[in-house]
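Numbering (the numbering used here), first residue to last: 2 to 458. Don't be surprised by glycine CBs; every beta carbon is placed ideally from N, CA and C. Please read these numbers as outputs of a predicted model, since none were measured by experiment. Presented below is the structure to which this report refers.
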DNA sequence: TTTTGAGTTGTTCGA
DNA sequence: GTCGAACAACTCAAA
């Protein structure tokens, strides 16, 4: 008689340590690990595809090569696979995103039709979306009170939490005995990010914890420095779970700032869980009347923005870093986002889509609600008059121009402060002049916001 | 129910 | 060079 068997279907929790779904699958008996390669993902940029493929490879290595890849629509592939291998249960980490919920509902329905079930265990968040509520049971819409309640709800749970024990005796039943499609292709990229394995992510965390975290609140805003954890891709793909980080934090100001960033991640996941349509629609409907440019000139400007040839060095440096590595420093993300929305007057969705395509850590909730914040359409929106000045941001956060020269080599020989805004004779011949005048576009943005207010009254 | 204080990340201007 | 005020009005959250 064969032993009972379950399928562990990996999606965005690409780890084995501290994975509740694995413990549950193991309790069912033999475990068949599955990853479904979704054709929709092939639209992503090379660094993003490379990181996911590398994470899967590292995961598979830990399972002795047992990971089964199948290509296609999960709603068809997963139930068929469960029937093929004779598994009654498919265990997953729960996905709270709009696409993931639709997908999982479809999969669960088809599994149920065959007398099987989808079992969701755990999530990639410190506190699951939908959990943090006000006294009247409704969700928070402002970050600061959310984060206080998040901490109040979370801390007792985290204190009594036991990391899921290492599962050393799992009997993996998978490839090569089970037929397998190929893994996703691994494009070559030159990445400065930590490699995509659990061991290297843990090493990076240990290094950051001992060397960088205590100065996090000071150094995290300087893009030339290694002042951030750079663990966002590991968190995005579930190579690490946020509680593995929170467990190590102490009652220190810099640690609290770092934890607050993890609270932002949970906050935006919660907002998107409550309002799934806000992935691509304004959270604040009154902002729908905002005038944005979408004509041919707008498309040309958008192309210049994506390719890093706006003539604003800090913007171009960030956009080039994104294309080259799949990552961009957070301070620079805010600067380029403000530039797209308030200097170029383009729809925030254009920028969000580009980021999602290229960012290795691109997460729909954090990314798109971050963009909504920048555009003033979202939760906790920035006041309309808060318009980033790309030159003064550059002077303030990259005072020596080190980041600029690293990513915009045309500026290598521009000395002193001119590197932040090389104009006239100081501009190298191969570096473009500014595509717009910031002062003029700032006024234009303020004018548009004001006329919106007048129209609303 | 009403009131009150507050709200991630900024810039500019004038004294 | 430094500093405070202005830039609006609204919504949220809790007392």
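- DSSP, read as helix, strand or coil, puts residue 31 in strand.
- A contact between stretches requires three or more CB pairs, one per stretch, nearer than 8 Å, and the segment 259-279 meets this requirement with the segment 358-371.
- Between residue 398 and residue 339, the C-beta spacing is not below 9 Å.
- Sequence-distant partners of residue 431 (beyond 5 residues in either direction) whose C-beta falls short of 6 Å from its own C-beta, in its chain, are 411.
- Where residue 119 is concerned, the enclosing beta strand (DSSP E) starts and stops at 118-121.
- For residue 367, the uninterrupted alpha helix (DSSP H) segment begins and ends at 365-376.
- Distances from the CA of residue 164 to each of 249, 219, 288 and 36 were compared; the closest alpha carbon is that of 249.
- Here the alpha carbon of residue 232 sits roughly 20 Å from the alpha carbon of residue 45.
- The Cβ atoms of residue 115 and residue 80 sit closer than 9 Å to each other.
- Three or more Cβ pairs closer than 8 Å define a contact, and the segment 82-101 meets that threshold against the segment 22-33.
- Around the C-beta of residue 230, 16 or more other C-beta atoms lie within 10 Å, and the residue is accordingly described as buried.
- Beyond the five residues adjoining it in sequence on each side, residue 270 comes within less than 7 Å, by CB distance, of 97, 126, 130 and 366 in the same chain, given in chain order.
- Cβ neighbours of residue 245 within its own chain (closer than 7 Å, five residues either side excluded): 19.
- Check the Cα spacing between residue 314 and each of 393, 260 and 358: the tightest is with 393.
- DSSP places residue 281 in the coil class of the three-state scheme, outside both helix and strand.
- A straight line joining the alpha-carbon of residue 56 with that of residue 442 spans about 42 Å.
- By a beta-carbon distance limit of 8 Å, residue 24 contacts residue 168. Their separation comes to about 6 Å.
- Cβ-Cβ separation between residue 117 and residue 83: approximately 5 Å, consistent with a contact (criterion under 8 Å).
- Here DSSP, grouped into helix, strand and coil, assigns residue 8 to strand.
- The residue among 375, 351, 59 and 400 with its C-alpha nearest the C-alpha of residue 200 is 59.
- Judged by DSSP in its simplified three-state form, residue 217 adopts helix.
- Its Cα nearest to that of residue 345, the residue 307 stands out among 307, 361, 48 and 326.
- Rounded to whole angstroms, residue 104 and residue 241 show a C-alpha spacing of 24 Å.
- A distance below 9 Å separates the beta carbons of residue 234 and residue 328.
- Taken through DSSP and simplified to helix, strand or coil, residue 385 comes out as coil.
- Residue burial is scored here from C-beta neighbours: residue 185 has at least 16 other C-beta atoms within 10 angstroms and is therefore classed as buried.
- With respect to residue 434, residue 444 sits apart: the two C-beta atoms are not nearer than 9 Å.
- By the CB criterion at 9 Å, residue 188 and residue 48 fall inside the cutoff.
- Residue 140 is bridged by DSSP to 134.
- The Cβ atoms of residue 237 and residue 361 sit closer than 9 Å to each other.
- Taking residue 76 as the centre and dropping the five residues before and after it, the same chain places the C-beta of 104, 107, 108 and 111 closer than 8 Å to its C-beta, in chain order.
- Listed in chain order, the non-local C-beta contacts of residue 358 below 6 Å within the same chain comprise 45 and 46, local neighbours out to five positions each way being set aside.
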